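Chemist:
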Ligand SMILES: C[S@@+](CC[C@H](N)C(=O)[O-])C[C@H]1O[C@@H](n2cnc3c(N)ncnc32)[C@H](O)[C@@H]1O
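Have a look at this one:
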């Protein structure tokens, strides 16, 4: 569907700088992106032809993670770096299975949050908050979170394909710890993120390209990724390439899971 940009573009955007959120939207088949984002996406895909498939694989991991959490009885989700709404948003997956599930979307991108708010206009159990996930205290004390979520009960915090936009490992670990410490025991933290362990020279080049966007990219090795889960119990199968995380169908995983170039895992805050 073609919708003129002026109909959806918030004011104050720099139309010359590609946005990670809008590039991702383009790769997933959305239309909330600008020429600068599409040009960037084409250059990135020329460099790494598997990129659209990599992003779809990451999105499938998110879907399976939500399914797993619903099976564990989770009824509250805080989706950090949720992106521009696309097919299979967390509240759609969750509320289809359990209609009273509560979901708060958080993103710093103005397009992502404007469209999330519009999508949720008639949904009393979901809300959108424009905020920077690097400040857990501000996010968790926001009116939106305090109104929507009961932090005395378990919550699933989702950080899907977003912590690679936090450069420093110590900062990334302290962000995760900020959420972990504030959550009730029995809460979950889901993280997936890009790695260079299997991406080779193409991956290096795409990472360098991302320096031109509003969100430079930091890949993490398996060890660096696993350290993000300090203080949490890893749910089986632990840290794996995202297609290997509890595949639900043969389409979820092929013989080359490393081509996803992303690790995923879920940690649970211990009860004691
Ligand atoms: C690649 S998209 C991932 C979207 C979704 N989580 C998924 O897995 O499909 C990354 C999103 O994270 C957002 N983001 C990056 N850094 C952020 C930050 N510090 N605070 C909030 N959002 C952030 C970007 O704006 C973008 O929408």
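In the numbering used here, the protein residues as written are -13 to 258. Built from N, CA and C at the ideal position, the CB exists for glycine as well. Small disclaimer: the values here were computed from a predicted structure and weren't measured.
(1) What are the boundary residues of the beta strand (DSSP E) that includes residue 145?
(2) Whole angstroms is fine: what's the gap from residue 93's alpha carbon to residue 159's?
(3) Report yes or no: do three or more beta-carbon pairs, one from the segment 28 to 37 and one from the segment 120 to 134, lie closer than 8 Å?
(4) Less than 8 Å between the CB atoms is what I'm expecting for residue 211 and residue 188, so what's the real figure, rounded?
(5) Could you tell me the alpha carbon to alpha carbon distance between residue 204 and residue 186, rounded to whole angstroms?
(6) Is residue 148 near ligand 1, going by C-beta to nearest heavy atom under 7 Å?
(7) Per the contact definition of three or more C-beta pairs closer than 8 Å, is the segment 188 to 203 in contact with the segment 211 to 224?
(8) Which term fits residue 73, buried or exposed, when burial requires 16 or more other beta carbons within 10 angstroms of its beta carbon?
(9) Taking just the CA atoms, how far does residue 230 sit from residue 81?
(10) Out of curiosity, what's the CA-to-CA distance linking residue 191 and residue 171?
(11) Mapping DSSP to helix, strand and coil, what is residue 70?
(12) With C-beta atoms as the reference, is residue 135 less than 8 Å away from residue 56?
(13) Hey, would you say the C-beta of residue 66 is under 7 Å away from at least one heavy atom of ligand 1?
(14) Use the C-beta contact count for residue 194: other C-beta atoms within 10 angstroms, 16 or more gives buried, fewer gives exposed.
(15) Can you tell me whether residue 84 is buried or exposed, with buried defined as 16 or more other CB within 10 angstroms of its CB?
(16) Thinking just about the alpha-carbon of each residue, which of 60, 97, 95 and 119 is nearest to the one in residue 79?
(17) Rounded C-beta distance between residue 90 and residue 130? I'm assuming under 8 Å.
(18) Alpha carbon to alpha carbon, how far is residue 110 from residue 68?
(19) In three-state terms, what does DSSP make of residue 254?
(20) Where in the segment 53 to 136 do unbroken runs of the beta strand (DSSP E), each at least 3 residues long, occur, reported from the N-terminal end onward?
(21) In this structure, how does DSSP classify residue 30 when only helix, strand and coil are distinguished?
(22) Residue 207 and residue 227 - do their beta-carbons sit closer together than 8 Å?
(23) For residue 172, which of helix, strand or coil comes out of DSSP?
(24) Using the rule of at least 16 other Cβ atoms within 10 Å of the residue's Cβ for burial, across every protein chain shown, is residue 4 buried or exposed?
(25) Please state the DSSP three-state secondary structure of residue 205.
Modeler: The answer reads as follows:
(1) 142 to 146 is the extent of the beta strand (DSSP E) around residue 145.
(2) Their Cα atoms are separated by approximately 19 Å.
(3) The segment 28 to 37 makes no contact with the segment 120 to 134; the number of CB pairs closer than 8 Å stays below 3.
(4) Contact annotation, residue 211 with residue 188: C-beta distance approximately 20 Å; criterion of less than 8 Å not satisfied.
(5) So the alpha carbons of these two residues sit roughly 14 Å apart.
(6) Under cutoff, so the answer is yes.
(7) Between the segment 211 to 224 and the segment 188 to 203 there are fewer than three C-beta pairs closer than 8 Å, too few to call the two in contact.
(8) The residue is exposed, with fewer than 16 neighbouring Cβ atoms inside 10 Å.
(9) Going by the C-alpha atoms only, they are around 25 Å apart.
(10) If I take the Cα positions, the gap works out to 41 Å.
(11) It is coil, neither helix nor strand.
(12) For residue 135 and residue 56, no; Cβs fall outside 8 Å.
(13) Yes, ligand 1 has a heavy atom inside 7 Å of this Cβ.
(14) Exposed is the call here.
(15) Classification of residue 84: exposed, given that the 10 Å Cβ count is below 16.
(16) Here the closest residue by C-alpha is 60.
(17) Their Cβ separation, rounded to whole angstroms, is 6 Å, which keeps residue 90 and residue 130 in contact under 8 Å.
(18) Linking residue 110 to residue 68 through their CA atoms gives a straight-line distance of about 18 Å.
(19) Residue state, collapsed to three classes: strand.
(20) If we require 3 residues or more, the beta strand (DSSP E) runs fully inside the segment 53 to 136 come out as 62 to 66, 88 to 93 and 112 to 116.
(21) Correct three-state label for residue 30: helix.
(22) At least 8 Å separates the beta-carbon of residue 227 from that of residue 207.
(23) Residue 172: coil per DSSP, three-state reduction.
(24) With a 10 Å radius around the Cβ and a threshold of 16 neighbouring Cβ atoms, residue 4 comes out buried.
(25) Coil at residue 205, not helix or strand.
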